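Line by line, the protein sequences are chains A and B.
Anchor point for the first sequence: position 330 equals 1380 in our numbering, and the numbering is continuous, going up by one each time.
Anchor point for the second sequence: position 316 equals 331 in our numbering, and the numbering is continuous, going up by one each time.
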Amino acid sequence: MSEFIKTIFHVDMDAFFVSVEELFDPSLKGKAVVVGGQRDERGVVSAASYEARKFGVHSAMPLRTAAKHCPHAIFVDGHPERYRQCSEKVYEVLNSFSPQVEMASIDEAYLDMTGTERLHGPPLRAAQRLHDKMKLATQLNCSIGIGTSRLIAKVSSARAKPNGVLWIMPGQEAKFLAPLDVRDIPGVGKVMEQDLHQLGVYRVGDLAALQENVLEDRFGKWGMALAGKARGEDAGGWFDSEVGADTDPKSISHEHTYNDDTADSEQLESTLMRLSEMVGRRLRENGLHARTIQLKLRYQDFTTITRAHSLAEPTQLDIEIFEQVRTLFRNNWHKAAKVRLLGVHVSGFKGHSGQIELLDSTLHERWNKALTTADRLRDKFGESSISLAAGMKGGFRERTHENPAGLPGKGRSEK
Amino acid sequence: MPVEMATATGTATMEITVSKFELLRELTATQGVVERKTTIPILSNYLFEAGGDKLVLTATDLDLSLRTSCNAKVKKEGSCTIPARKLHDYVKLLPDADITIKLLENHWVSIRCGRSNTKMVGMARSNFPSLPVFPTAGVVKIPAQVLREMISKTGFAIANEESRYTLNGALMVLKPESITMVATDGHRLAHIERSGEKFDGVSGEMKTLIPKKAMDELKSLVDSTEAESIEFARDESTLYFRIGPRLLTSRQLTGQFPNFEAVLPKDNNKLVTVRGEELSAAIQRVAQFADERSRAVRFRLEKGELKISASSTETGESEDTIETAYNGDALTVGFNAVYLLDFLKASGNGDVRLELKDPQSAGQLRPGDSEEYKYRYIVMPMRI
């Protein structure tokens, strides 16, 4: 029987971005810190220290709002490269504990620890060792949730914060979940919450008490999954897959919000070049070719349009992505209208059809070689070490956000 | 206030009578040029100009314009604009009789035919963009039949990718005694040349990039004309084609057409001749089982036969064999079935010569019996 019970760890770094910033500037320690940009800038909070959170600051909140809530907070720009470097160190530590590691985002991971008792001891002892080793190797705190499913591990790590370990022993799942708010179940958002409230369901226990077919009638397949989740099982969508299973991204995108809205076509196209470059980089990292290229354009008044085009032949070259996006942009941008945000989004991942180019075959190969070399330089010296000249004017500080596609432990690029 | 209103409508007039048959013919011929989804409303309108004993109709989408005319009894000279699609749809439904068109106040236009009476909402004529004027010098005459042939044999190879704008048209090269047309989408290239014509007014080499939309329009105009020859001219920004009473003008594509001569195969040494119909039928059958997206079919050239096959995990596999007189080394090479069928359809019945080299190099296809025209089709293989 015991071989069917899984032991899953969810390791979540505590206030990751803030903690990393503290490593570089120890004077920040214990203070209200907001990462993501300056107090008067556009954009949103990437992370807030526990001190700042006390004042109601949370991630995804506009920076200017955060400044109102917490005027004494110290605002620091995000440093994506620092976070990536630290994230890699985190991954190394985790990888030394289990071969099945899946980074769910830049600062959290699932580990399948099933069957490692002889090596690491019982779950709590293993967690303690992992915790210590993490601190030693990265100087960062993390919280660890342990359960028989990803769901339980994820929910319990949130309860273990900060800097704690929580183990929900097998058989105790439903009891653990019952008093929690339905919103605490991963995948239940605002809308689902309201729907559940209408059914009189507020706590996970209420949910578990419902007949499964009531949920199925109301929510279809999702209802069935929800019933399973209420019992602490991994059910539905991504939660069904094994930890560390190859879950390729379905799409890759990068966006940029201007600090000052602009109608300068040169600058706008330059930004598109830069974004195409970032997207191309991620495609190559994951060994993917994209067929559908999409432009996202938000004007000053927040009207937003998306326009997409499908290529005859999927690509992973920056320059081809850019050509498409630029065409979409030129065809759809109302000239002189100021732009607030631009985004480049690619999807429709397919293998290359094998069609050989007639005119640009050597050009294609040259681009391929040049970009592969550029990628290697970036691996070594950082993302901004090299870029295409056309994107220079569009250069901007990369915003920090979760981008599972580019993380170690995800995708095929893993060495 | 009343005074201002009176002057706003001005004294514009126009009153004509045309036959439904003639008007409809010209409306139909110009529909392709009318902009369908436009942010500039005037471009969805025709410009009607009446003078002498003619009605001149103009449609434009700013890139492409078509001006044509029909006989009319002009009672009052003048001009007006009328919504193009609606007019076409309406005139189609009228009986075969004379139609009287009259400009009313506020740009409204009255259309009367027998007992049918309609008033359409037009727009001010002054909003209609002014169009380039056919040059008086440097006009080249091209036989209609030659242009018809060349367009039908190259037009299909023009790139559909809007972003590759230099491939978004066909290249026409005029020399004093020859005309060449080339089109490519970056994977295949169609090339046709005709010598032995005389082109007065051409000295040296005259290269013109004709946009895809202009090619499509030109094709339908050339296909439907009885005129013997087409008058072609150009200035810095515009191309002009006069086909009988119709004048097509197109904005020129800027940019360089790729150096296609560099990719024409020179040392393809595996040559085999097959019947075009037979090859086409075999490819069509086999391609039913090709991968739906890549459309890849496999050619296996062996002594005495050409095997064509395709397979996909979803549908199965299929093979056709064609007997040939081939006696050289064996070769396996993949092609996109669609590209091959495009050529076979355009080249018509008769023998086709396949000239291949290796699995990575361009293959060349030619009709076996091209005397008047030198027609060749270059297609890149697929890695299979």
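Using N, Cα and C, we set each Cβ at its ideal position, and we do this for glycine too.
Computed from a predicted model, the values in this text were never measured in an experiment.
Can you pull the chain A residues whose beta carbon is under 7 Å from the beta carbon of residue i, in chain order?
i        : result
B/PRO147 : Chain A residues near B/PRO147: none, gap ~23 Å exceeds 7 Å.
B/THR199 : LEU1408 and LEU1409
B/GLY343 : Going along chain A, no residue has its Cβ under 7 Å from B/GLY343, so there is no contact; the nearest lies around 22 Å.
B/GLY378 : In chain order: nothing, as chain A lies at least about 11 Å away.
B/ARG161 : What sits at residue 161 of chain B in the sequence shown is Val, not Arg. The contacting residues do not exist; B/VAL161 stays about 26 Å from chain A at best.
B/PRO273 : LEU1409
Which residues in the same chain have their Cβ closer than 6 Å to the Cβ of residue i, if we skip the five residues on either side of it in sequence?
i         : result
B/LEU224  : GLY184, LEU186, LEU268 and PHE272
A/TRP1288 : Note on A/TRP1288: pLDDT 48, under 50, position unreliable in the model; the coordinate value appears next. The answer is none, since no qualifying residue turns up.
B/GLU30   : LYS90, LYS91 and LYS117
B/GLU64   : VAL71 and SER94
Using the C-alpha atoms, what's the distance from residue j back to residue i?
i         : j         : result
B/GLN379  : B/LEU146  : 42 Å
A/ILE1355 : A/LEU1347 : 5 Å
B/ALA361  : A/LYS1300 : 40 Å
A/PRO1149 : A/HIS1170 : 13 Å
B/ALA229  : B/LEU79   : 7 Å
A/PRO1173 : A/ASN1145 : 16 Å
A/GLN1088 : A/PHE1125 : 5 Å
A/MET1274 : A/ARG1281 : 11 Å
B/ASP3    : B/LEU263  : Absent from the structure is residue 3 of chain B, since the part of chain B shown begins at 16 and ends at 399.
A/ASN1213 : A/LYS1419 : 45 Å
A/VAL1238 : A/ASP1162 : 24 Å
A/GLN1189 : B/GLU307  : 53 Å
A/LEU1078 : A/LEU1216 : 28 Å
A/LEU1260 : A/HIS1247 : 13 Å
B/GLN299  : A/VAL1232 : 58 Å
A/MET1442 : A/PHE1352 : 26 Å
A/PRO1130 : A/ASN1381 : 33 Å
A/LEU1413 : A/ILE1369 : 11 Å
B/ALA99   : B/ARG290  : 47 Å
B/CYS128  : B/HIS103  : 14 Å
Residues of chain A with CB closer than 9 Å to the CB of residue i, please, in chain order.
i        : result
B/HIS206 : What B/HIS206 touches in chain A: nothing, since even the nearest Cβ is about 12 Å away.
B/MET397 : SER1403, GLY1404, GLN1405 and ILE1406
B/ILE393 : LEU1408
For residue i, which residues in the same chain have their Cβ closer than 8 Å to its Cβ, ignoring the five residues on either side in sequence?
i         : result
B/ALA159  : VAL237, THR240, ALA242, GLU243, SER244, ILE245 and ILE258
A/ALA1228 : ARG1253, VAL1254, GLY1255 and ALA1258
A/GLY1106 : HIS1119 and CYS1120
B/ARG163  : LYS234, VAL237 and ASP238
A/PRO1364 : HIS1339, ALA1340, ARG1341, GLY1398, PHE1399, LYS1400, GLY1401, HIS1402 and SER1403
Tell me, to the nearest whole angstrom, how far the beta carbon of residue i is from that of residue j; I am working on the premise that it is less than 8 Å.
i         : j         : result
A/LEU1392 : A/LEU1438 : Between A/LEU1438 and A/LEU1392 the Cβ distance is about 16 Å, and since that is not below 8 Å, they are no contact.
A/ARG1334 : A/ASP1425 : 6 Å
A/GLY1398 : A/SER1360 : 7 Å
B/CYS85   : B/GLU37   : 4 Å
B/PHE358  : B/THR330  : The Cβ separation is near 25 Å, so there is no contact.
B/LEU81   : B/THR45   : 5 Å
A/PHE1067 : A/VAL1085 : 4 Å
B/PHE314  : B/THR347  : 7 Å
B/PHE214  : B/PRO191  : 6 Å
So who's on the other strand from residue i, going by DSSP bridges?
i         : result
B/PHE314  : B/ILE323 and B/VAL348
A/PHE1125 : A/VAL1084
B/TYR255  : B/ALA248 and B/THR264
B/LEU102  : For B/LEU102, which the question treats as bridged, DSSP gives no partner whatsoever.
A/ARG1253 : A/ASP1231
B/LEU118  : B/VAL124
A/TRP1417 : Partner(s): none; A/TRP1417 has no beta bridge.
A/LEU1345 : A/ARG1357 and A/VAL1394
B/ILE173  : Beta-bridge pairing links B/ILE173 to no other residue.
A/TRP1383 : DSSP lists no partner for A/TRP1383.
B/LEU369  : B/VAL287 and B/LEU380
B/GLU30   : B/LYS91 and B/LYS117
B/TYR390  : B/ILE207
A/GLY1195 : A/HIS1060 and A/LEU1216
Mind listing the chain B neighbours of residue i? Cutoff is C-beta to C-beta under 9 Å, in chain order.
i         : result
A/ALA1116 : Neighbours of A/ALA1116 on chain B: none; closest Cβ ~40 Å, over 9 Å.
A/ALA1340 : Those within 9 Å of A/ALA1340 in chain B number zero; the least Cβ separation is about 14 Å.
Run down chain A in chain order and give the residues with a C-beta less than 8 Å from the C-beta of residue i.
i        : result
B/ARG308 : LYS1400 and SER1403
B/ASN284 : In chain order: nothing, as chain A lies at least about 19 Å away.
B/VAL278 : LEU1408 and LEU1409
B/GLY349 : GLY1404
Which same chain residues end up closer than 7 Å to residue i when comparing Cβ atoms and leaving out the 5 residues on each side of it in sequence?
i         : result
A/ALA1065 : ALA1097, SER1099 and TYR1100
A/GLU1091 : LEU1113 and ASN1309
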